[in-house]
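Trainee: In the numbering used here, the protein residues as written are 15 to 348.
A virtual CB, placed ideally from N, CA and C, is assigned to each residue, including glycine.
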């Protein structure tokens, strides 16, 4: 008889212990995964959204995100309630990731997923900024200063030492001030500004990153300075005219982006946008089959819906490091 199957459980502390709160792990895993996706070496069904009740907030849902990347298969199961922080004192999103051995299809690991999800989102922005932001950019704008926003900023400061200024805005001024204090502590000499409005923050940024739970666009093309790169992390923030007037629009995956009545999907249904108008998927840019930024004044929009391929690749890297370092708790399957 074969030994009883086991799986490795990794909580958030375990993930941090193997480098899961550092951009390097995610950028390494994501670069390979996005290129593999562009080359057709991944499997990624469209993710279903589980919603309950009528007329709920756009951020209130649970999403199943399955994917196969070279050497690992898996699923991220991520729930979100927009009012968790204010009403329940909880983080907005919670998640678990299950990894499977593609040889047997047996589960081999269960990981806390919210930290990985936040950092892989930040890792995508870092990779995109390498190719889509203006070289030597100095000023970063962050709209929304919660977990996702703070992780974005921390990752960018790790990866781009030339960042000189940070411009923050949140509808909760205390959140922006708290993040400003943490950023100043991490990078002595960094100029950190808490803006009075989303417009003031946006106009100051070479790299603009909305990280909110809004369901209504508020950021028009007119706010963007020449050469701006917008990483539209929370998807619903930018107006239609940004998609229509940007010099280049890039997504992580066209099929995932063109659904669920998001702005791109609305424009496609109205005949105003199409796959042909899209500049590239990000993996194509990283693989070198499509160009990134080609001039200093280009305004470039990244619309990253978030892909299971990204989550599974990052979770697999965490799992590999945890096994190598003897971190985590083994659980008997039977």
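Quick check: what's the CA-CA separation for residue 348 versus residue 18?
Mentor: 7 Å
Trainee: Assuming contact is defined by CB atoms lying nearer than 8 Å, are residue 163 and residue 156 in contact in what I supplied?
Mentor: yes
Trainee: Can you pull the DSSP bridge partners for residue 56?
Mentor: None; residue 56 has no bridge partner.
Trainee: Return helix, strand or coil for residue 183, following the three-state DSSP convention.
Mentor: It is a strand residue.
Trainee: Under 8 Å Cβ to Cβ from residue 204, same chain only, skipping five residues before and after it: list those, please.
Mentor: These residues qualify, in order along the chain: 171, 177, 178, 179, 180, 197 and 198.
Trainee: Based on Cα-Cα distance, which residue from 322, 296 and 330 lies nearest to residue 144?
Mentor: 296
Trainee: Does the distance from the CB of residue 146 to the CB of residue 302 come in under 8 Å?
Mentor: no
Trainee: Along the chain, where does the beta strand (DSSP E) that runs through residue 302 open and close?
Mentor: Segment: none, residue 302 is in no beta strand (DSSP E) and carries neither H nor E.
Trainee: Note the first and the last residue of the continuous beta strand (DSSP E) segment covering residue 126.
Mentor: 121-126
Trainee: Apart from the five residues just before and just after residue 55, which ones in its own chain have a Cβ nearer than 7 Å to its Cβ?
Mentor: So the qualifying residues of the chain are 84.
Trainee: For residue 202, does the count of other Cβ atoms within 10 angstroms reach 16, so buried, or fall short, so exposed?
Mentor: exposed
Trainee: Give, in chain order, every unbroken run of the alpha helix (DSSP H) that is at least 4 residues long and sits entirely within the segment 314-344.
Mentor: If we require 4 residues or more, the alpha helix (DSSP H) runs fully inside the segment 314-344 come out as 322-339.
Trainee: For residue 148, is the classification buried or exposed, using 16 other Cβ atoms within 10 angstroms of its Cβ as the cut-off for buried?
Mentor: Buried.
Trainee: Would you call residue 168 buried or exposed, if buried means 16 or more other Cβ atoms sit within 10 Å of its Cβ?
Mentor: buried
Trainee: So, do the segment 326-339 and the segment 269-279 have three or more beta carbon pairs nearer to each other than 8 Å?
Mentor: no
Trainee: Is the segment 224-236 in contact with the segment 253-268, if contact means three or more CB pairs nearer than 8 Å?
Mentor: yes
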